[in-house]
Amino acid sequence: MAIPISAQSIAVIKSRDQEVYNQVLDSFLKNSPTISTDQIVEYNLKGEEKAWKNIANKLVSEKITIILALGPLAAQMANEASLGIPVIFGMVSNPSRYGLAGENLAGISMDVSG
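The opening position of the sequence shown corresponds to residue -12 in the numbering used here, with each subsequent residue numbered one higher.
Right, dumping it as structure tokens:
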């Protein structure tokens, strides 16, 4: 799926303030040479679902074209919101547990089998 990227069109939503989410974002930017930090708008749910409504309203008003959701809460909220904005999730163990499925959703599972 080809998505045009314009200035400030990528929302990065973190489930909480954790260094590992910053590392994922840094790696994403490092491996995406056509994307600059000027195109990124960051949000932090701070582990609270109630923060989502305010963020969701901003995503629509800022005309975000893609969401990078880091962690289970961010992925779940972005998926359930059905904003019509494609969502890429990461840092989610067992995504099916959070109902992460849908047409506008893709991600990397952290399932570990022993």
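Even for Gly, the Cβ is constructed at its ideal location relative to N, Cα and C.
Is the beta carbon of A(-2) sitting closer than 8 angstroms to the one on I51? In this structure, I51 lies closer than 8 angstroms to A(-2) by Cβ.
How would you label A(-6), buried or exposed, when you count the other beta carbons within 10 angstroms and need 16 or more for buried? Residue placement at A(-6) is poorly supported in this model, since its pLDDT is 47, which falls under 50; the coordinates are not used for a value here.
Alpha-carbon spacing of M(-12) relative to I53, whole angstroms: Reliability of the predicted coordinates at M(-12) is poor, the pLDDT of 47 falling under 50, and the value obtained from them is presented with this limitation in mind. Here the alpha carbons of I53 and M(-12) stand approximately 12 angstroms from one another.
Going along the chain, which unbroken runs of the beta strand (DSSP E) with 3 or more residues stay wholly within the segment 43 to 91? Every beta strand (DSSP E) of 3 residues or more that sits fully in the segment 43 to 91 is shown, in chain order, as 53 to 57, 74 to 79.
Is I27 close to chain C, meaning its C-beta is less than 8 angstroms from at least one C-beta of that chain? Of the protein chains in this structure there is only one, and it is not chain C.
Determine the burial state of K45: buried for a count of at least 16 other Cβ atoms within 10 Å of its Cβ, exposed for fewer. K45 is classed as exposed because its beta carbon has fewer than 16 other beta carbons within 10 Å across all chains shown.
If you follow the alpha helix (DSSP H) that K17 is in, where does it begin and where does it stop? First-last of the alpha helix (DSSP H) with K17: 6 to 17.
Are S2 and G77 close, meaning C-beta to C-beta below 8 angstroms? The Cβ atoms of S2 and G77 lie no closer than 8 angstroms to each other.
From A65, A68, L92, S(-4), pick the residue whose C-alpha is nearest to that of T21; which is it? Considering only alpha carbons, the answer is S(-4).
Distance, E35 Cα to A65 Cα: Cα-Cα distance, rounded: 13 angstroms.
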